[in-house]
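The structure under discussion appears below in the form of structure tokens.
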């Protein structure tokens with residue numbers, strides 16, 4: 058731990074130490090290890106993504122988006138960077154950007170249950186109930202016992218029923 062200089066042979070151990078410190082909640086120390094990895098290998102996507110996640114956890118949304126964008130630019134298939142970016146856009150109520158990021162997440166990882174649930178909630182907020190229900194149906198095909206999906210679907214069906222009665 059004395060020297061965080063990253064040689065090519067030490068990148069993975071440094072990255073792993075960053076993950077270890079992250080797992081015990083020492084965000085500063087974790088950040089120093091991920092940064093050291095990037096000094097030795099600036100295109101190491103997992104470390105870039107990890108710094109994005111740390112920035113997001115610290116409430117530094119713009120920095121997080123920059124890290125996620127960089128990870129995606131280097132590796133367009135960086136599923137968790139697309140998803141991390143979507144989470145920020147959802148909190149910022151940037152619906153179109155969130156929709157784009159969630160759809161990209163699902164195109165890369167069609168079994169990403171949480172992305173279906175988030176997209177269904179987003180569609181529900183926009184009164185796009187048919188699309189919301191479609192996302193929930195897909196989520197339930199992945200996990201038929203998922204209680205969250207079942208509860209959301211129940212609310213959507215109730216909203217749809219109330220809308221029909223008003224007409």
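In our numbering, the protein residues as written are 58 to 224. All residues carry an ideal CB built from backbone N, CA and C; glycine is no exception. Just so it is clear, the structure is predicted and the values come from calculations on it, not from any experiment.
> What distance in whole Å lies between the Cβ atoms of residue 120 and residue 106, which are believed to be in contact at a cut-off of 8 Å?
Replying inline: Here residue 106 corresponds to residue number 49 of the chain shown, with the count starting at 1. Here residue 120 corresponds to residue number 63 of the chain shown, with the count starting at 1. The Cβ separation is near 13 Å, so there is no contact.
> For the 8 Å Cβ check, are there 3 or more pairs between the segment 148-156 and the segment 123-139?
Replying inline: The segment 148-156 vs the segment 123-139: no contact.
> Which residues mark the beginning and the end of the alpha helix (DSSP H) in which residue 81 is found?
Replying inline: In the chain shown, residue 81 corresponds to position 24, counting from 1. For residue 81, no alpha helix (DSSP H) segment is defined, and its DSSP state is neither H nor E.
> Assuming residue 91 and residue 75 make a contact with CB atoms under 8 Å, what is their CB distance in whole Å?
Replying inline: Mapped onto the chain shown, residue 91 falls at position 34. Mapped onto the chain shown, residue 75 falls at position 18. About 4 Å; that satisfies the 8 Å criterion.
>> Just checking: is the beta-carbon of residue 112 within a distance shorter than 7 Å of some beta-carbon in chain B?
In response: Absent from the structure: chain B. Only one protein chain is present.
> According to the neighbour-count rule (16 or more other Cβ atoms, all chains shown, within 10 Å of its Cβ), is residue 248 buried or exposed?
Replying inline: This structure leaves residue 248 out entirely; the chain is present only between 58 and 224.
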